[in-house]
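Note that the sequence shown ends on residue 1064 in this note's numbering; no numbers are left out.
In what follows, a single structure is set out as structure tokens and then discussed.
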Amino acid sequence: MAAELTAHELIARHRPTLDQALEAIRTRAYWSPHPEHPKAYGENGSLDMAAGKAAFDALLGTRLDLGQPGTDGWVGGETSPYGVELGVSYPHADPDELLPAMRAGMRAWRDAGAETRAVVCLEILKRISDRTMEFAQAVMHTSGQAFMMAFQAGGPHAQDRGMEAVAYAYVEQIRTPDTAEWTKPQGKRDPLALTKRFVPVPRGIGLVIGCNTFPTWNGYPGLFASLATGNAVLVKPHPRAVLPLALTVQVARQVLTEAGFDANLVALAAERPGEGIAKSLATRPEIRIIDYTGSTGFGDWLESHARQAQVYTEKAGVNTVIVESTADYRGMLSNLAFSLSLYSGQMCTTPQNLLVPREGIATDQGPKSFDEVAADLAQAVDGLLGDDARANALLGAIVNPDVKARLEAAAGLGEVVLASREITHPEFPGAVVRTPVIVKLDGSKPDAEAAYMSECFGPVSFAVAVDSADHAAELLRRTIREKGAMTVGAYTTSPEVEETVREVCLEEAAQLSLNLTGGVYVNQTAAFSDFHGSGGNPAANAALCDGAFVANRFRVVEVRREA
502 MAAELTAHEL IARHRPTLDQ ALEAIRTRAY WSPHPEHPKA YGENGSLDMA AGKAAFDALL
562 GTRLDLGQPG TDGWVGGETS PYGVELGVSY PHADPDELLP AMRAGMRAWR DAGAETRAVV
622 CLEILKRISD RTMEFAQAVM HTSGQAFMMA FQAGGPHAQD RGMEAVAYAY VEQIRTPDTA
682 EWTKPQGKRD PLALTKRFVP VPRGIGLVIG CNTFPTWNGY PGLFASLATG NAVLVKPHPR
742 AVLPLALTVQ VARQVLTEAG FDANLVALAA ERPGEGIAKS LATRPEIRII DYTGSTGFGD
802 WLESHARQAQ VYTEKAGVNT VIVESTADYR GMLSNLAFSL SLYSGQMCTT PQNLLVPREG
862 IATDQGPKSF DEVAADLAQA VDGLLGDDAR ANALLGAIVN PDVKARLEAA AGLGEVVLAS
922 REITHPEFPG AVVRTPVIVK LDGSKPDAEA AYMSECFGPV SFAVAVDSAD HAAELLRRTI
982 REKGAMTVGA YTTSPEVEET VREVCLEEAA QLSLNLTGGV YVNQTAAFSD FHGSGGNPAA
1042 NAALCDGAFV ANRFRVVEVR REA
């Protein structure tokens, strides 16, 4: 079948965007081709919120047939954290049939070259962007994010991360020229002359193991990094968040077909309840790249057991904020309150430990004791979430029973400064919505250490009393080194304290945010500019995105001959 989209057409359509993305990762300045406000999608009637909701509703109770080889049954069972049963069923694949079929299309995809692969990937992202409102509903009803966050993080921000990966992949592949004429003088004899050709070749099949909380935002970097470097990609979603990634696979297969490539370069691996196929897939010899977001335990298992693959993991850490002093006390409290509340703290970047000197801090409102800081922060969170409608819009729903159990258990770990309360969602009465809990702990007492040195994923934070700024820095260093951290925050007006914290973060490879009091929060990162994770501490062995995230997904093979 002839391609409906030629490489020339795709290059003409997407090369300007690729060039802008390349410039953005070079300058680290703000840029995004994907609007992050719903009103920007209203000019086209197919993109508005009502149409997106209708498209999502039309999916409920249906069978999503992707036309994959090796389908031996149908699986499903997703229930929204908002209480809606999705009823969508997906193909269950026999890997012994699917994986060989995926490899069959890799030769043509490899030979297409880096630019063609990049623009095909950008066409996939454009088609996904055209369905952003539908994807937002799918992300909302699998992750429990409130709609606006599901729209932004699951839509434009995820698409940005995918495009960022494509840009990095392209840069690394063209670093070596396609051809070279090599001549070595030999004195009086004729020179030695060779013609050399350098070909980026893919490693094999990439496996993307999706997460429940951010299926697209965390899934797209690995998917597009592997695809853009010539690999086929098998997408294994989290059993509770299949739909957003299944729709992604559907779009990718359509675009690949229209561009004249094998649709099986991208495929879905959905699983039966309790089947646990991630382990068996991850250790198959055909799988040469793995991208994983999730628990530390399984991430460590992958790093130890999937020896045949290049493994990229984003696991978990204990994120810390040091509060030593501030020139904007009110702004600091407001910023922290939002950071602790957003998506019920169910982000790998949400602060958990707030280290505050027990003697108190200096502020623009005068000295504040440790107890006052903790109480004022509790009041700021309470004020932010005091209106139930606003609380629902910020908190979303608790994603699974384990988060709820940790939240309820946290109250027994120390003195509760802010108790969690239950909120009813007017549209979804089955949703479990809870406000954060803040617990005071003494950082010098061994019995408190078990709490603040362990990750408590969800809307749980600890106000930890420390002896001094130096004690806070020591505890920060130990936490990053032993447990890892995706983010670190610090509030200080002291250049000496700032330099101490900065040095800890540089030595332990943790991303640092200083004195955030406005509309940028420690748990947010912007594609093309911010690095998500560093790859240098136990929380993650890779950063999203940098050259190291893409460069080892392919190798360069040289073919040389005498000129």
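Glycine included, every Cβ here is placed at the ideal spot set by N, Cα and C.
Opening and closing residue of the beta strand (DSSP E) in which Ser-805 lies: From DSSP, Ser-805 is part of no beta strand (DSSP E) but of the alpha helix (DSSP H) over 797–806.
Residue of Leu-1015, Asn-1042, Leu-919, Gly-705 minimising C-alpha distance to Gly-606: Gly-606 has its Cα closest to that of Gly-705, out of Leu-1015, Asn-1042, Leu-919, Gly-705.
Identity of the residues DSSP links to Asn-854 by a beta bridge: Under DSSP, Asn-854 takes part in a beta bridge, and its partners are Thr-821, Phe-963.
In DSSP terms, what Glu-792 is bridged to: Checking the displayed sequence, the identity of residue 792 turns out to be Asp instead of Glu. Answer is Val-709, Tyr-813, bridged to Asp-792.
Interface flag, Pro-536 vs chain C, CB-CB below 8 Å: No chain C appears in this structure, which consists of one protein chain only.
Limits of the unbroken beta strand (DSSP E) element including Ala-556: For Ala-556, no beta strand (DSSP E) encloses it; the enclosing alpha helix (DSSP H) starts and ends at 550–560.
Cβ-based burial, Gly-777 [other Cβ within 10 Å; buried from 16]: Under a 10 Å Cβ-count criterion, Gly-777 is classified as exposed, with fewer than 16 other Cβ atoms of the shown protein chains found around its own Cβ.
Local Cβ density within 10 Å of Ser-1035, reported as buried at 16 or more and exposed below that: Buried, by the Cβ-count rule.
Neighbour-count burial assignment, Val-884, 16 or more Cβ in a 10 Å radius: This sequence places Gly at residue 884; Val is not what is there. Under a 10 Å Cβ-count criterion, Gly-884 is classified as exposed, with fewer than 16 other Cβ atoms of the shown protein chains found around its own Cβ.
Proximity below 8 Å, CB of Pro-716 to CB of Thr-643: A contact, by the Cβ cut-off of 8 Å.
Three-state secondary structure assigned by DSSP to Arg-529: Correct three-state label for Arg-529: coil.
Counted within 10 angstroms of its Cβ, other Cβ atoms place Leu-766 as buried (16 or more) or exposed: The residue in question, Leu-766, is buried, as its Cβ has 16 or more Cβ neighbours within 10 Å.
N-terminal and C-terminal residue of the beta strand (DSSP E) that Val-667 is part of: Here Val-667 belongs to no beta strand (DSSP E); instead the alpha helix (DSSP H) covers 657–675.
Coarse secondary structure for Leu-735, derived from DSSP in three states: In the three-state reduction of the DSSP assignment, Leu-735 falls in the strand class.
Residues that DSSP places opposite Trp-683 in a beta bridge: The secondary-structure analysis by DSSP pairs Trp-683 across a beta bridge with Leu-695.
Same chain, Cβ closer than 7 Å to Asn-893, neighbours up to 5 away in sequence not counted: Result list for Asn-893: Ala-647, Ile-924, His-926, Val-934, in chain order.
Contact check, Gly-656 vs Thr-633, beta carbons under 8 Å: Result yes, Cβ atoms of Gly-656 and Thr-633 sit closer than 8 Å.
Validate contact between the segment 987–998 and the segment 960–978 using beta carbons, cut 8 Å, 3 pairs: Touching, per the Cβ criterion.
Ala-613 to Leu-695 span [Cα, whole Å]: Cα-Cα distance, rounded: 25 Å.
Inter-residue spacing [alpha-carbon to alpha-carbon] between Ile-788 and Lys-816: Approximately 20 Å between the Cα atoms of the pair.
Sub-8 Å separation of Lys-771 and Val-752 beta-carbons: Here residue 771 turns out to be Ala, not Lys, going by the sequence shown. The beta carbons of Ala-771 and Val-752 sit no closer together than 8 Å.
Coarse secondary structure for Cys-1046, derived from DSSP in three states: Coil at Cys-1046, not helix or strand.
Closest by C-alpha distance to Ser-781, when choosing among Lys-689, Ala-559, Leu-708, Pro-947: That would be Leu-708, whose Cα lies nearest to the Cα of Ser-781.
Cα-Cα separation, Pro-517 to Ala-619: When the Cα atoms are used, Pro-517 and Ala-619 turn out to be separated by approximately 12 Å.
Sheet register partners of Lys-941 (DSSP bridge): Note: Lys-941 sits in a beta bridge opposite Glu-916, Ala-964.
Secondary structure of Ala-619, DSSP reduced to three states: Note: Ala-619 maps to helix in three-state DSSP.
Where Met-502 falls, given that 16 or more other Cβ within 10 Å makes a residue buried: Confidence at Met-502 is low in this model, with a pLDDT of 48, below 50, so the placement of that residue should be treated as unreliable; the coordinate-derived value is given next. By the neighbour-count criterion, in which 16 or more other beta carbons inside 10 Å mark a residue as buried, Met-502 falls on the exposed side.
Bounding residues of the alpha helix (DSSP H) (the contiguous stretch that carries Gly-574): Segment 572–576 is the beta strand (DSSP E) holding Gly-574; no alpha helix (DSSP H) there.
Inter-stretch contact at 8 Å, needing at least 3 Cβ pairs: the segment 506–516 / the segment 592–609: By the Cβ rule, the segment 506–516 does not count as touching the segment 592–609, because fewer than three pairs are nearer than 8 Å.
Where Asp-877 falls, given that 16 or more other Cβ within 10 Å makes a residue buried: With 16 or more Cβ atoms within 10 Å of its Cβ, Asp-877 is classed as buried.
Assumed close pair Ala-879, Leu-919 - CB separation to whole angstroms, cut-off 8 Å: Between Ala-879 and Leu-919, the beta carbon gap of about 4 Å places them in contact (Cβ cut-off 8 Å).
Whole-angstrom distance between Asp-661 and Gln-521, CA atom to CA atom: The alpha-carbon separation between Gln-521 and Asp-661 amounts to approximately 12 Å.
Complete beta strand (DSSP E) runs within the segment 973–1057 (minimum length 3 residues, chain order): Those beta strand (DSSP E) runs which fall completely within the segment 973–1057 and span 3+ residues are 989–992, 1013–1015.
Arg-604 - DSSP class collapsed to helix/strand/coil: Assigned with DSSP and collapsed to three states, Arg-604 falls in helix.
Beta-bridge pairing of Tyr-591 - partner residues as DSSP gives them: In the DSSP output, where bridge partners are listed per residue, Tyr-591 has Val-576.
Residues near Gly-800 in its chain [Cβ-Cβ closer than 7 Å; skip 5 each side]: Excluding its 5 nearest sequence neighbours in each direction, Gly-800 has C-beta neighbours in its own chain below 7 Å: Tyr-793, Thr-814, Lys-816, listed in chain order.
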